[in-house]
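Chemist: So that we are looking at the same thing, I have put the structure below in structure tokens.
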Amino acid sequence: MISVAETEKAYDIYFINDLMNAVSADSGAELFDFDGNFLWGIDAADKIRANSSEKHFEISKTEFSKFDLSKAVLKTYVKNESLKQENLFFFKNRKT
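Letter 16 of the sequence shown, counting from 1, is numbered 65 in the working numbering, and no numbers are missing.
In structure tokens:
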């Protein structure tokens with residue numbers, strides 16, 4: 050499973066593995082606008098520890114400051130030969 054947590058300064062991406070064995074996989078995050086245009090991306094080869102919930106990416110909010118996030122979605126993913134997990138994170142304006 051993938052979870053995105055927004056903090057004051059960043060977007061933290063966690064991978065949750067409830068299996069009793071570690072998983073090696075490609076992972077990443079991609080920012081798209083609502084027209085499907087690719088705006089930004091990062092990827093990595095990861096080893097996700099068994100029975101764990103760990104932060105694998107921390108994306109600073111300044112990284113996205115040039116984009117209109119009200120019209121964007123962050124797609125996160127983990128995949129290998131036998132696993133494919135994706136998550137969509139929609140940004141929203143916070144009421145103060």
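For every residue, glycine included, the Cβ atom is placed at its ideal position computed from N, Cα and C. Everything numeric in this text was worked out from a predicted model, so none of it was measured.
Who are the Cβ neighbours of F116 in its own chain at under 6 Å, not counting the five residues just before and after it?
Modeler: On the sequence shown, position 67 is the one that residue 116 refers to. Once the five neighbours on either side are set aside, the close Cβ partners of F116 are L88.
Chemist: Kindly indicate which residue of D92, I97 and L137 has the alpha-carbon position closest to the one of M69.
Modeler: For the purposes of this step, residue 69 is identified with residue 20 of the sequence shown, where counting begins at 1. Of D92, I97 and L137, the residue nearest in Cα terms is I97.
Chemist: Should F137 be labelled buried (16 or more other beta-carbon atoms within 10 Å of its own) or exposed?
Modeler: Here residue 137 refers to the residue found at position 88 when the sequence shown is read from its first residue. Checking the displayed sequence, the identity of residue 137 turns out to be Leu instead of Phe. Exposed, by the Cβ-count rule.
Chemist: Since E107 and D61 are thought to touch, with beta carbons under 8 Å apart, how far apart are those beta carbons, to the nearest angstrom?
Modeler: Numbered from its first residue, the sequence shown carries residue 107 at position 58. Numbered from its first residue, the sequence shown carries residue 61 at position 12. At roughly 5 Å, the Cβ-Cβ gap stays under 8 Å, so E107 and D61 are in contact.
Chemist: What's the gap between the Cα of F113 and the Cα of D82?
Modeler: Locating residue 113 in the sequence shown gives position 64, counting from the first residue. Locating residue 82 in the sequence shown gives position 33, counting from the first residue. Those two C-alpha atoms are separated by around 12 Å.
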